[in-house]
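A.B. asks: In this text, residue positions in the sequence shown follow the numbering used here: the first is 9, and each later residue adds one.
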Amino acid sequence: MEYSCQTYELKCNECGRHFGNRPLSGCPECLAPLEIHYDLEAIRREGRFTRQTIAAGPHDIWRYAALLPIPEGFEPDLPVGFTPLVRAKQLGRRIGATNLYIKNDSVCFPTLSFKDRVVSVALANARKFGFTTVGCSSTGNLANSVAAQAARLGLQATILVPADLEPAKILNTLIYGARLIRIDGNYDHVNRLCTLIADEYSYGFVNVNLRPYYAEGSKTQGYEIAEQLGWRLPDNVVCPMAGGSLIRKLKKAFAELVELGLVEAKPVKFFGAQAMGCSPIARSVREGSDDIIPQRPNTIARSLAIGNPADGPAASRMIQASGGWAEDVSDIELVAGIQELAETEGIFTETAGGVTTAVAARLYQQGRIGRDQTTVVCITGNGLKTTDAIADRYVLNRAVRPRLADFADYLAELDGALEPALVAAD
Ligand SMILES: Cc1ncc(COP(=O)(O)O)c(C=O)c1O
Ligand SMILES: [Zn+2]
Numbered sequence: 009m010e011y012s013c014q015t016y017e018l019k020c021n022e023c024g025r026h027f028g029n030r031p032l033s034g035c036p037e038c039l040a041p042l043e044i045h046y047d048l049e050a051i052r053r054e055g056r057f058t059r060q061t062i063a064a065g066p067h068d069i070w071r072y073a074a075l076l077p078i079p080e081g082f083e084p085d086l087p088v089g090f091t092p093l094v095r096a097k098q099l100g101r102r103i104g105a106t107n108l109y110i111k112n113d114s115v116c117f118p119t120l121s122f123k124d125r126v127v128s129v130a131l132a133n134a135r136k137f138g139f140t141t142v143g144c145s146s147t148g149n150l151a152n153s154v155a156a157q158a159a160r161l162g163l164q165a166t167i168l169v170p171a172d173l174e175p176a177k178i179l180n181t182l183i184y185g186a187r188l189i190r191i192d193g194n195y196d197h198v199n200r201l202c203t204l205i206a207d208e209y210s211y212g213f214v215n216v217n218l219r220p221y222y223a224e225g226s227k228t229q230g231y232e233i234a235e236q237l238g239w240r241l242p243d244n245v246v247c248p249m250a251g252g253s254l255i256r257k258l259k260k261a262f263a264e265l266v267e268l269g270l271v272e273a274k275p276v277k278f279f280g281a282q283a284m285g286c287s288p289i290a291r292s293v294r295e296g297s298d299d300i301i302p303q304r305p306n307t308i309a310r311s312l313a314i315g316n317p318a319d320g321p322a323a324s325r326m327i328q329a330s331g332g333w334a335e336d337v338s339d340i341e342l343v344a345g346i347q348e349l350a351e352t353e354g355i356f357t358e359t360a361g362g363v364t365t366a367v368a369a370r371l372y373q374q375g376r377i378g379r380d381q382t383t384v385v386c387i388t389g390n391g392l393k394t395t396d397a398i399a400d401r402y403v404l405n406r407a408v409r410p411r412l413a414d415f416a417d418y419l420a421e422l423d424g425a426l427e428p429a430l431v432a433a434d
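#1: In whole angstroms, give me the CA-to-CA distance for G148 and P317.
#2: Please classify K393: is it buried, with 16 or more other beta-carbons within 10 angstroms of its beta-carbon, or exposed?
#3: Could you check if E43 belongs to the surroundings of ligand 2, using beta carbon to heavy atom distance under 7 Å?
#4: Taking the CB atoms as reference points, tell me whether L312 and P220 lie closer together than 8 Å.
#5: Using only the alpha-carbon positions, how far apart do A82 and Q157 sit?
#6: Pick helix, strand or coil for A40, following the three-state DSSP scheme.
#7: Could you tell me which residues DSSP pairs with G280 in its beta bridges?
#8: Considering only C-alpha positions, which residue in the set A206, S153 and R240 is nearest to D124?
#9: Taking DSSP as the reference, what is the three-state secondary structure of F213?
#10: From F279 to T228, what distance separates their C-alpha atoms?
#11: Using the C-alpha atoms, what's the distance from T383 back to S6?
#12: Going by C-alpha distance, which of A420, D400, E43 and T15 is nearest N215?
#13: What would DSSP say about E264, mapped onto helix, strand or coil?
#14: A397 and I300 look like a contact to me (Cβ under 8 Å); what is the Cβ gap, rounded to whole Å?
#15: Could you check if T147 belongs to the surroundings of ligand 1, using beta carbon to heavy atom distance under 7 Å?
#16: For L188, which residues from the same chain have a beta carbon less than 6 Å from its beta carbon, with the 5 sequence-adjacent residues on both sides left out?
#17: Of all the options T58, K260 and Q328, which has the alpha carbon lying nearest to the alpha carbon of A290?
#18: If you reduce the DSSP assignment to three classes, tell me which class T359 lands in.
#19: Per the contact definition of three or more C-beta pairs closer than 8 Å, is the region 22–38 in contact with the region 252–268?
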């Protein structure tokens, strides 16, 4: 269950030991998380990652394959990623921002969240390592993506989730034929159990024993942001945090682009967004420490409900070192954030995106983000999966008879005034 590769391998950030390529997430010596280390010098020398090679690639994450841990011989055929980066003028007007962008992963292919990026890279490795069953512990979106992509690759999927997950996220997993096991506990219980199962049953769990490979997939969101800004880095990024992996990998992506000369170096501030009912990383940033005090999650933002985040300490350190900040918002504020993004930009995001939008608004209000700075807000999941969060905000109107006069009466009822043109036409 290992393979060798010239350009990347597992490395411990603490002790610097290398471990080749195998399903392993922590250093056996010092227990620190392992990361993928690339021979950037060779990649630069051989001109394998340049603006030209990227432009010649497909319109999906595979255009960045030279800086992803993709085993030789793997032929990607799913057009994952390359989601829109849209200028958010209307939202900007509301929150006092003139140079605001939304990175819209709510329409990521194939399962409508940024998790499609990480899963495609993890499963490429799962196949290479010879796993026939893959899976994950999940707060919802990861479950959907593992189930869908495993189906396509002909792998069995065994997926564990907290029992109280949103019904849409459960159905969006079952539909692909995955074995879904609801666990009576929160995400942190589920994740601990998965660590034991992965060893005992030889399963390839994307965010457990395949985690270093999985996490690299998030970098593609950072590459896309820089490329879509015309090979420039933004001044600020606002990003939701659960395990704390995505925000760290955005930073890594920008650093690699600078190191390989694709963008000019500049300081980028990273801002993390969490829900008040589960904000261990935001709290750590606010206290200026890198200690993470585990929490018992209590929020409707279930996709962000990780009380003991694996990458929490590193994410907290990185945010502080960048000069950024982290905030948390209440469930009421996050619902308002979902509505505000939909009403201003026509983007329907899930609870995590409501958190991110509400936190971004607050950061402008606090003056932590300057009005004219180039700022990217990462919207990572789709609102169709968490409709229960907003259902009680809307009342269905009484059914109106299919006649113009009834329509006119109804409008009058709504507006408190008659519509003369409509009345005359009847
Ligand atoms: C929609 C959404 N956004 C953001 C995140 C946070 O990602 P990370 O665990 O990399 O911090 C998740 C994690 O599940 C998610 O589902
Ligand atoms: Zn080590």
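Beta carbons: idealized from backbone N, C-alpha and C, even for Gly.
C.D. replies: Working from what's here:
#1: 16 Å
#2: Here K393 is buried. Its C-beta has 16 or more other C-beta atoms within 10 Å.
#3: no
#4: no
#5: A quick correction: the sequence has Phe, not Ala, at residue 82. Going by the C-alpha atoms only, they are around 14 Å apart.
#6: coil
#7: C247 and A334
#8: S153
#9: strand
#10: 18 Å
#11: Any question about residue 6 goes unanswered here, given that the chain covers just 9 to 434.
#12: E43
#13: helix
#14: The pair is not a contact, with the Cβ atoms about 26 Å apart (cut-off 8 Å).
#15: yes
#16: I167, T181 and L182
#17: Q328
#18: helix
#19: no
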